[in-house]
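A.B. asks:
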Amino acid sequence: MTAVSESEERRALDGVPKQLYIGGEWRDGGEGGTLPVEDPSRGETLAHVADAKPQDAVAALDAAAQAQPEWGSHPPRERGEILRRAFEVIVERTDELALLMTLEMGKPVAESKAEIAYAAEFFRWFSEEAVRIEGRYVVNQTGAGRVLTTKQPVGPCLLITPWNFPMAMGTRKIGPAIAAGCTMVVKPAKQTPLSMLAVAQILEEAGLPAGVLNVITSSSSGSVIEPLIKDPRTRKLSFTGSTEVGRALMEQASEQLLRLSMELGGNAPFVVFDDADLDAAVEGALLAKMRNVGEACTSANRFHVAGSVAEEFTEKLAAKMGAMKVGRGTEQGVEVGPLIDDDQRSKVSELVHDALEKGATAVVGGRARDGAGYFYEPTVLGDVPGDARLLKEEIFGPVAPIAAFDDEEEAIAKANDTQFGLVAYVYTRDLRRAFRVCEGLETGMVGLNQGMVSNAAAPFGGVKQSGFGREGGHEGIEEYLETKYIAMGL
Ligand code: NAP
3 MTAVSESEER RALDGVPKQL YIGGEWRDGG EGGTLPVEDP SRGETLAHVA
53 DAKPQDAVAA LDAAAQAQPE WGSHPPRERG EILRRAFEVI VERTDELALL
103 MTLEMGKPVA ESKAEIAYAA EFFRWFSEEA VRIEGRYVVN QTGAGRVLTT
153 KQPVGPCLLI TPWNFPMAMG TRKIGPAIAA GCTMVVKPAK QTPLSMLAVA
203 QILEEAGLPA GVLNVITSSS SGSVIEPLIK DPRTRKLSFT GSTEVGRALM
253 EQASEQLLRL SMELGGNAPF VVFDDADLDA AVEGALLAKM RNVGEACTSA
303 NRFHVAGSVA EEFTEKLAAK MGAMKVGRGT EQGVEVGPLI DDDQRSKVSE
353 LVHDALEKGA TAVVGGRARD GAGYFYEPTV LGDVPGDARL LKEEIFGPVA
403 PIAAFDDEEE AIAKANDTQF GLVAYVYTRD LRRAFRVCEG LETGMVGLNQ
453 GMVSNAAAPF GGVKQSGFGR EGGHEGIEEY LETKYIAMGL
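With my numbering as the guide, the letters of the sequence shown map in order to residues 3 to 492.
1) Got a sec, what are the start and stop residues for the alpha helix (DSSP H) Tyr120 sits in?
2) Is any heavy atom in the ligand NAP found nearer than 7 Å to the beta carbon of Pro190?
3) At 3 residues or longer, what runs of the beta strand (DSSP E) sit wholly inside the stretch 291–367?
4) Mapping the DSSP letters down to three states, classify Phe167 as helix, strand or coil.
5) Can you give the Cα-Cα distance for Gly335 and Gln258, rounded to whole angstroms?
6) Is Glu496 near the ligand NAP, in the sense that its beta carbon is under 7 Å from a heavy atom of that ligand?
7) Within 10 Å of its beta-carbon, does Lys486 have 16 or more other beta-carbons around it, so buried, or fewer, so exposed?
8) Thinking C-beta only, is Ala390 closer than 8 Å to Ala362?
9) Which one of Asp356, Gly388, Arg134 has the shortest CA to CA distance from Leu483?
10) Quick check on Lys20: does DSSP put it in helix, strand or coil?
11) Quick check: the stretch 217–229 against the stretch 54–69, are there 3 or more CB pairs under 8 Å?
12) Are at least three pairs of beta-carbons, each pair with one atom in the stretch 230–245 and one in the stretch 152–166, less than 8 Å apart?
13) Quick one: measure Cβ to Cβ for Leu424 and Ala290, integer angstroms, because I've assumed they're closer than 8 Å.
14) Would you mind working out which of Leu205, Glu8, Lys153 sits nearest Pro19, comparing C-alpha positions?
15) Under 7 Å from any heavy atom of the ligand NAP, does the C-beta of Ser114 make it?
16) For Arg431, which residues from the same chain have a beta carbon less than 6 Å from its beta carbon, with the 5 sequence-adjacent residues on both sides left out?
17) Measure from the alpha carbon of Glu80 to the alpha carbon of each residue in Ile162, Thr163, Gly183, Glu46, then state which is nearest.
18) Roughly how many angstroms separate the alpha carbons of Phe167 and Glu412, rounded to a whole number?
19) Looking at C-alpha atoms only, which residue of Val366, Val273, His476 is the closest neighbour of Arg435?
20) CA-CA distance, Ser9 and Phe470?
21) Is Gly464 near the ligand NAP, judged by its Cβ being under 7 Å from some heavy atom?
22) What I want to know is whether the C-beta of Phe377 ends up closer than 7 Å to one or more non-hydrogen atoms of the ligand GDP.
23) Going by CA-CA distance only, name the one from Ala458, Ala426, Asn451, Ala489 that's closest to Ser2.
24) Applying the 10 Å Cβ sphere with the 16-neighbour rule, what's the burial state of Gly493?
25) Measure from the alpha carbon of Asp16 to the alpha carbon of each residue in Leu101, Pro77, Pro178, Glu396, then state which is nearest.
26) If contact is defined by three or more beta carbon pairs under 8 Å, each pair taking one atom from either stretch, is the stretch 456–463 in contact with the stretch 304–316?
27) In the DSSP assignment, the beta strand (DSSP E) including Thr381 goes from what residue to what residue?
28) DSSP puts His50 in a beta bridge; with which residues?
29) Closer than 7 Å to a non-hydrogen atom of the ligand NAP - does that hold for the CB of Glu359?
30) Output the distance between the C-alpha atoms of Arg330 and Val93, rounded to the nearest integer angstrom.
31) Assuming Leu358 and Gly368 make a contact with CB atoms under 8 Å, what is their CB distance in whole Å?
32) Who are Pro271's beta bridge partners in DSSP?
33) For the beta strand (DSSP E) containing Val217, name the first residue and the last one.
34) Name the one or two DSSP bridge partners that Tyr493 has.
35) Return helix, strand or coil for Gln57, following the three-state DSSP convention.
36) Between which two residues does the alpha helix (DSSP H) holding Arg87 run?
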């Protein structure tokens with residue numbers, strides 16, 4: 003990739019609408035305010051987008067509720083074809099969309115392109131699922147009656163997404179909602195609204211009828227979301243974000259007994275046994291740790307390595323991480339961008355400081371970079387003691403803490419010693435051990451001899467305080483469907 007020019011950046015930014023998308027129209031917020039979007043690599047404002055207030059949020063729900071009856075009975079094939087067209091446009095525009103994503107989120111352009119491919123795939127996948135929504139016809143036990151089931155759209159949905167995967171976390175919800183025949187109000191995170199506005203523009207071009215998708219951007223998420231959660235026209239909330247906010251939203255959602263999908267925080271263990279292919283484990287670790295600058299719910303948060311290979315693993319990982327080029331995501335050869343903001347960087351610094359104080363050693367890195375932007379050095383910490391906070395808390399940064407274990411039982415116990423349960427990674431060449439460990443891990447997903455699990459065809463989701471519900475795969479569309487049973491006497 004050659005370095006990106008200022009004019010290309012301006013073109014990418016100018017090409018995306020900055021208003022709210024409500025009822026098929028682009029419009030300002032009722033009070034006319036705007037909210038700045040920052041470039042995390044420079045700390046400068048890139049653009050301003052409309053700042054929705056509660057009345058705008060209600061207008062978005064009005065539009066979704068009004069569009070629901072027609073959309074719910076819209077021919078499934080046509081719903082799928084809209085998604086398919088949008089998939090094609092996203093793929094065609096990958097370069098400009100990737101640049102836009104890098105500018106607002108910070109990750110290197112190559113990684114933004116990978117996210118865009120992943121994000122687009124949800125539209126292709128669910129374009130195919132739209133025509134495979136099935137019911138059952140069963141002769142009941144007595145033979146005298148029939149059991150019929152049919153699947154119907156849940157109804158208007160509220161979809162809330164985080165900043166770390168600004169497009170894929172949206173398409174993973176919007177794709178199945180469109181395919182199932184649900185209308186929706188989408189609220190992206192205030193740090194990264196541009197990628198979602200670009201998706202809305204593409205769906206509009208792809209022929210999505212007015213009111214099916216409504217997007218509100220806001221500096222005050224709590225005040226715009228609460229009235230929608232409490233409005234009886236909303237039927238479902240799908241949330242991706244922190245466990246803390248997810249818990250608060252669940253409480254609000256209990257009033258209407260909303261259908262919920264909660265994709266929450268993680269604390270992924272990366273377990274390396276002494277029989278593992280160590281080089282493959284290091285490559286997997288690099289991917290699991292450094293993808294998205296470590297700001298992924300699936301990021302390997304802690305490395306549990308068999309004592310006999312811990313030193314070698316640490317040295318190899320430290321050599322690779324120490325050699326990674328840190329810089330603005332638009333620059334040539336950069337592999338590690340900035341963190342999203344100063345708060346996030348301070349949190350990473352605090353966790354590293356705590357581990358070092360408790361006796362860990364910084365094999366490589368261990369500090370924030372001076373100057374503009376929120377950069378943090380790729381860091382490997384050795385000999386991390388059991389009471390270090392970063393073994394319990396989500397780091398969300400390029401920091402790899404390594405601790406040794408003695409046997410399989412201890413490895414599983416350490417891996418499970420967390421309130422979270424999203425994903426775990428296991429490296430072993432022993433087939434029987436692989437099955438034992440995969441079954442023993444308390445997580446919704448396991449990467450077995452691979453450092454990445456994300457795949458549109460697979461059910462993504464967690465257990466314990468990582469939430470519930472699945473996104474992607476055949477399971478993904480079920481989250482947006484209700485089963486109706488019809489008892490038929492003959
Ligand atoms: P966050 O603070 O929980 O925010 C997530 C979303 O919720 C944003 O759109 C945010 O809007 C909104 N929000 C925050 N407070 C709210 C409130 N009181 N009412 C309504 N909405 C509210 O999380 P984050 O820092 O953006 O994202 C990182 C977290 O997401 C990590 O914990 C990560 O593990 C998790 N995550 C999970 C998955 C998964 O699939 N399990 C995937 C990706 C990320 P504003 O930011 O605009 O306030």
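Every residue gets a Cβ at the ideal spot worked out from N, C-alpha and C, and that includes glycine. The model shown is predicted, which means the values in this text are computed figures rather than measured ones.
C.D. replies: Let me spell this out:
1) Counting from one through the sequence shown, the residue named residue 120 turns up at place 118. That run of the alpha helix (DSSP H) goes 111–131.
2) Along the sequence shown, read from residue 1 onward, the residue named residue 190 stands at position 188. Correct: Pro190 has its Cβ closer than 7 Å to the ligand NAP.
3) 302–308, 363–366
4) Working through the sequence shown from its first residue, we reach residue 167 at position 165. Coil at Phe167, not helix or strand.
5) As a first step, residue 335 is located in the sequence shown; it is residue number 333 there, counting from the start. As a first step, residue 258 is located in the sequence shown; it is residue number 256 there, counting from the start. Cα to Cα, Gly335 sits roughly 50 Å from Gln258.
6) The requested residue 496 is not part of the displayed model; the chain covers only 3 to 492.
7) Here residue 486 is taken as the residue at index 484 of the sequence shown, counted from 1. Label assigned to Lys486: exposed.
8) As a position in the sequence shown, residue 362 is number 360, starting the count at 1. As a position in the sequence shown, residue 390 is number 388, starting the count at 1. Cβ atoms of Ala362 and Ala390: closer than 8 Å.
9) If you number the sequence shown from 1, residue 483 lands on position 481. Cα-wise, what sits closest to Leu483 is Arg134.
10) Numbered from its first residue, the sequence shown carries residue 20 at position 18. Residue state, collapsed to three classes: coil.
11) yes
12) yes
13) Here residue 424 corresponds to residue number 422 of the sequence shown, with the count starting at 1. Here residue 290 corresponds to residue number 288 of the sequence shown, with the count starting at 1. About 12 Å; that fails the 8 Å criterion.
14) On the sequence shown, residue 19 is found 17 positions in, with the first residue counted as 1. Here the closest residue by C-alpha is Leu205.
15) Reading the sequence shown from its first residue, position 112 is the one you call residue 114. False, no ligand heavy atom lies under 7 Å from that Cβ.
16) As a position in the sequence shown, residue 431 is number 429, starting the count at 1. Excluding residues within five positions, the ones whose Cβ falls inside 6 Å are Asp277.
17) Counted from its first residue, the sequence shown places residue 80 at position 78. Residue Gly183 is the option with its Cα nearest to Glu80.
18) The sequence position of residue 167 within the sequence shown is 165, counting from 1. The sequence position of residue 412 within the sequence shown is 410, counting from 1. In a straight line, the C-alpha of Phe167 is about 34 Å away from that of Glu412.
19) Numbered from 1 along the sequence shown, position 433 holds the residue referred to as residue 435. The option with the nearest alpha carbon to Arg435 is Val273.
20) Working through the sequence shown from its first residue, we reach residue 9 at position 7. Working through the sequence shown from its first residue, we reach residue 470 at position 468. Computed Cα separation, rounded: 44 Å.
21) Taking the sequence shown and counting its residues from 1, one reaches residue 464 at position 462. The answer is yes for Gly464.
22) As for the ligand GDP, it is missing from this structure, which binds only the ligand NAP.
23) Summary: the structure shown does not reach residue 2, with the chain confined to residues 3 through 492, and so no result is reported for it.
24) Nothing in the structure corresponds to residue 493, since the chain is present only between 3 and 492.
25) By 1-based counting over the sequence shown, the position of residue 16 is 14. Answer by Cα proximity: Leu101.
26) no
27) Reading the sequence shown from its first residue, position 379 is the one you call residue 381. Thr381 -> beta strand (DSSP E) spans 381–384.
28) The residue you call residue 50 lines up with position 48 of the sequence shown. Beta-bridge pairing links His50 to Pro38.
29) Looking up residue 359 in the sequence shown gives position 357. Checking the Cβ of Glu359 against the ligand NAP gives no.
30) One-based indexing of the sequence shown puts residue 330 at position 328. One-based indexing of the sequence shown puts residue 93 at position 91. Their backbone Cα atoms lie some 24 Å apart in a straight line.
31) Stepping through the sequence shown from its first residue, residue 358 is reached at position 356. Stepping through the sequence shown from its first residue, residue 368 is reached at position 366. About 7 Å; that satisfies the 8 Å criterion.
32) For the purposes of this step, residue 271 is identified with residue 269 of the sequence shown, where counting begins at 1. According to DSSP, Pro271 bridges with Arg304.
33) The residue you call residue 217 lines up with position 215 of the sequence shown. Unbroken beta strand (DSSP E) run through Val217: 215–217.
34) Look at the range of the chain in this structure, 3 to 492, and you will see that residue 493 is not part of it.
35) Start at 1 with the first residue of the sequence shown, and residue 57 comes out as number 55. Looking at Gln57 - three-state DSSP - the assignment turns out to be helix.
36) For the purposes of this step, residue 87 is identified with residue 85 of the sequence shown, where counting begins at 1. Taken as a continuous stretch (DSSP letters only), the alpha helix (DSSP H) holding Arg87 covers 78–94.
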